[in-house]
Amino acid sequence: MTHHEPTILHRASWLAPVSTPPVENGAVLVQGERILSAGSHDSVAPQAPPGTVKVDHGSAALIPGLVNAHTHLELTGLEGLIPLPQPGFPAWLGKVFEHRAAFGIESMRGSIRRGLARLAATGTVLCGDINNGSSLEPGPNGRGTHRHVFFEVLGFDRQDLVDAVGPDLIGAFASSARKSPSMSLAAHAAYSTSPEVIRDAKGWCRRTGRVFSMHVAEHREETRFLRDGGGFCRELLHGLGRWASRWTAPAMSPTAYLDRLGVLDRQTLLVHAVHLDDDDWEIAHRRGVSVCFCPRSNHNLSAGRAGISKALEMGIVTALGTDSLASNTDLDLFQEAAFTLDRYPAVAPEAVLAMITLGGALAIGQARSFGAIEAGKSSRMLSVGLPETAPSRNDLVETILLQGKRGAWKWVSSCTSD
Ligand SMILES: [Zn+2]
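Numbering-wise (the working numbering), the sequence shown opens with residue 21 and increments by one.
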């Protein structure tokens, strides 16, 4: 690419910018990796400078590249090794431990590379990727799927962040984070991470202006443990030699507990959020957290069914994630979207499309560049082919999602050479 990249005018029968309603006979003017202008063809075409290359996508909808707000690409190598569905979280976790023991750091890095390739092959431009230290470099910038790294800390018996992570790894993380805004901390979960470590991790994110993420209320074993300190989570901690005798159960829900720790705000992303009652949703709304749902992973672990409609009704920023290939069959957000449409008939297709684009970008703090087709944002879009009988405005977005599930889409090239 040169400094003077050619401008390209993409036209299609529909444009679905996501941040604004769909536009019939839409166009997007792009230069390299950036969008210059988007809207109706009549309004955008006159802005194209002389020499602009014109690409007509015909009967198709242009949509933003997809955003997967919760992955564990490290675990891509576990694909197909754990039969799904599992009868519950405890059974599943036992299988993960069994298989992961054979996994070295090099195979985790290979897993991440293969996972990124899988994401790119399924239309994903950006992912929020949980990592346990095998690869603390975000990126790549440019053509591949961009990886926002959530370095995950845990340690129920640990006193603070350095104690939990170790001085070497925290140093490597900090130096990588100084170079890139695409680096965050995540705490694993309330049953695996001490309150001090959760607060420290959130504190670092606050000081550096980054999104903090945490698994919350994924399964009944977690809600039970916070209520009375017993059950599977306690046995697990004992078995791992991580039990902390000074800890007492807060006797409240995971959401209320995190609120008491002071770690819920607009820059906190709660993942799974399956077992939240009305009071919990009220807290989530009041604090302005965002939520990433992983409905297929929850289904595959027999963990429960999240209140997606409730979160949408309350106006909470919502995203979708595939979670890892240890708990899902693919990393394809179109499949996740189709499953959501199928299992949540009350959720509108427009909401689902927003969850796999703008909602995800907002949730992981990358909405300046991703999630919508607008001037200044990434030009990495998808062209989704529409069927012979063109959809009406009313069923456009559902058609887009179903065509995506069928694989009837392609990347919109930002270069004239490919
Ligand atoms: Zn996860």
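Built from N, CA and C at the ideal position, the CB exists for glycine as well.
As the structure is a prediction and not an experimental result, all values here were calculated from the model.
In the DSSP annotation of this structure, C253 is not part of any beta strand (DSSP E); the continuous alpha helix (DSSP H) holding it starts and ends at F252 to G259. Per DSSP, reduced to three states, the secondary structure at K397 is coil, with no helix or strand assignment. Pairing A366 with L422 gives a Cβ-Cβ distance that is not under 8 Å. Per DSSP, the unbroken alpha helix (DSSP H) holding E356 starts and ends at L353 to R363. Around the beta carbon of G341, 16 or more other beta carbons lie within 10 angstroms, which makes this residue buried. Counting only runs of 4 or more residues that sit fully inside the region 96-125, the alpha helix (DSSP H) segments are 109-120, in chain order. Around the beta-carbon of E241, 16 or more other beta-carbon atoms lie within 10 Å, marking it buried. Taking all protein chains shown into account, I132 has 16 or more neighbouring C-beta atoms within 10 Å of its C-beta and is therefore buried. DSSP, reduced to helix, strand and coil, places F232 within a strand of the structure shown. In this structure, DSSP gives F390 a state outside helix and strand, which the three-state scheme calls coil. Remark: the C-beta of H295 is outside contact range of ligand 1, defined as less than 7 Å to any heavy atom. Here the distance from the Cβ of I384 to the nearest heavy atom of ligand 1 is not below 7 Å. Taking all protein chains shown into account, L260 has fewer than 16 neighbouring C-beta atoms within 10 Å of its C-beta and is therefore exposed. Taking 7 Å as the cut-off, one finds no heavy atom of ligand 1 near enough to the beta carbon of H77. Around the beta-carbon of G391, 16 or more other beta-carbon atoms lie within 10 Å, marking it buried.
Within the region 166-202, the alpha helix (DSSP H) runs of at least 4 residues that lie entirely inside it are, in chain order, 181-185 and 187-199. Within the chosen limit of 7 Å, ligand 1 reaches the beta carbon of V291 through at least one heavy atom.
Pairwise C-beta distances place the region 63-82 out of contact with the region 121-130, as fewer than three of them are shorter than 8 Å.
Bridge pairing for F313: L340 [DSSP].
For G135, the closest alpha carbon among the candidates M375, L289 and L351 is that of L351. At least one heavy atom of ligand 1 sits closer than 7 Å to the Cβ of H90. Within the same chain, F354 and V404 come within 6 Å of G424 by CB-CB distance, once the 5 residues on both sides are set aside. Exposed is the label assigned to A111, since fewer than 16 other Cβ atoms lie within 10 Å of its Cβ. Non-local C-beta neighbours of T228 in its own chain, meaning closer than 8 Å and more than five positions away in sequence, comprise A197, ordered along the chain. Annotation: L82 to A207 spans about 36 Å, alpha carbon to alpha carbon.
Approximately 20 Å separates the beta-carbon atoms of G148 and A194; this is outside 8 Å, ruling out the contact. With contacts defined by Cβ atoms closer than 8 Å, D248 and A276 do not form a contacting pair. Taking the C-beta atoms as reference points, V432 is found no nearer than 8 Å to H168. Nearest Cα to A122 within the set V283, L95, V291 and R163: L95. With a threshold of 7 Å, the Cβ atom of D343 counts as near ligand 1, since some heavy atom of the ligand is closer than that.
Per the Cβ contact rule, the region 343-350 is in contact with the region 314-329 (3 or more Cβ pairs under 8 Å). Here the alpha carbons of L373 and E356 stand approximately 11 Å from one another. I150 has its CB nearer than 7 Å to a heavy atom of ligand 1.
One alpha carbon belongs to A32, the other to L290, and they sit about 36 Å apart. Here H292 really is in contact with V236; their C-beta atoms are around 6 Å apart, less than 8 Å. Your pair G143 and L56 does not check out as a contact, with CB atoms roughly 22 Å apart and the cut at 8 Å.
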